[in-house]
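Numbering-wise, the sequence shown is residues 52 to 281 according to this note's numbering. Yeah, the Cβ is synthetic: ideal placement off N, Cα and C, and Gly gets one too. The structure presented is a predicted model; accordingly, all values stated were derived computationally and were not measured. One structure is given here, and the rest of the page talks about it.
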Amino acid sequence: MTPTDSAALNLAYNTDKDELRMPEYGRHVQSMIAYCLTIDDKQHRSKVAQSIIDVIGNLNPELRDNPDYHHKLWDHLHVMSDFMLDVESPFERPTRNGLATTPEQVPYPVTNMGKRYYGVIIKRAIETVSAMDESEDRDAMAYDLANQMKRAYLSWNKDHVADDIIWSDLKAMSDGVLGDNQERLSVTKGAISPTAPIRVRKKKKQPLYSKRSNKSPNRGSNRRGFQKRK
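Shown next, in the form of structure tokens:
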């Protein structure tokens, strides 16, 4: 069908209409706002705008839980009117530049860690214990830290790890202040972490009956025996 034929049939396509500024509200709401802009009387125009607010509020009931629910609806109304709607609003009329400003970037803490599997909390704990004066309490805390480091190490790697590796890492992370104890650690396995790799968190399921077990049920025990007819 040629454009001339479609014009003769008076067919209207959305591609021939104005672009929707907020497509989630649809073409009908955009048409109501366009009609509202043509009203000369401000009082009547404000009543029509309030009716449009009620309509778009029913289209988005999930916004009612927000404390600034009505404020957002009025902002959406002004955006769809291309900021040309002059009505009596309970909120300050927004501007194009005011809504276009981007918020300031939130600074993200950047930490440089060589052994990430120990975590930032252990690193900070090592710094705190290292700043303490030499005493039995500091040695006891260093021993607890070494146990926690081994637990974190085994959470990511199920293979056996020697205690001297943990003590060596503790000494390196404390700049040589801690790690001279070299006492045997009490931790033998790590805790399963939800952020650990999948291969670590998966456990191999044990079979219900082993192949050579005498406890396996006899599949033919419940079968009814049949005798061959002579």
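When rounded, the separation of the alpha-carbon atoms in W125 and Y169 is 50 Å. Our two residues, Q94 and M135, have alpha carbons roughly 16 Å apart in a direct line. Under the rule that a run must span 4 or more residues, the alpha helix (DSSP H) segments found entirely inside the stretch 60 to 121 read 77 to 88 and 93 to 110. DSSP places R175 in the helix class (H, G or I) of the three-state scheme. The beta carbons of L196 and I177 sit about 6 Å from each other, so the pair counts as a contact at 8 Å. The beta carbon of V99 is closer than 7 Å to those of C87 and I90 in its chain, skipping five residues each way along the sequence. Taking a C-beta distance under 8 Å as the contact criterion, L236 and L229 do not qualify as a contact pair. Out of E234, N208, K209 and D210, the CA that lies nearest to the CA of W218 is found in E234. When DSSP states are grouped into helix, strand and coil, E139 belongs to the coil group. Burial state of R96 is buried, judged by a 10 Å Cβ sphere holding 16 or more other Cβ atoms. Linking A213 to Y159 through their CA atoms gives a straight-line distance of about 36 Å.
Rounded to whole angstroms, the Cβ separation of I107 and V130 is 11 Å, and the two are not in contact under 8 Å.
Of the residues assessed, L128 falls on the buried side of the cut-off, its CB having 16 or more other CB atoms within 10 angstroms. The beta carbons of I84 and S132 sit about 5 Å from each other, so the pair counts as a contact at 8 Å. Taken atom to atom, the span from the alpha-carbon of P112 to that of G77 is near 15 Å. In the DSSP assignment, Q233 falls outside any alpha helix (DSSP H) and carries neither an H nor an E. It is roughly 21 Å from the alpha-carbon of Y194 to the alpha-carbon of M164. Scanning its chain for C-beta atoms nearer than 7 Å, with the 5 sequence neighbours on each side dropped, one finds around R144 the residues H129, in chain order. Here D67 has no same chain residue with a Cβ atom under 7 Å from its own Cβ, once five neighbours each way along the sequence are excluded. Each residue's CA atom was taken as its position, placing D116 and T146 some 25 Å apart.
Excluding its 5 nearest sequence neighbours in each direction, I104 has C-beta neighbours in its own chain below 8 Å: H121, L124, W125 and L128, listed in chain order.
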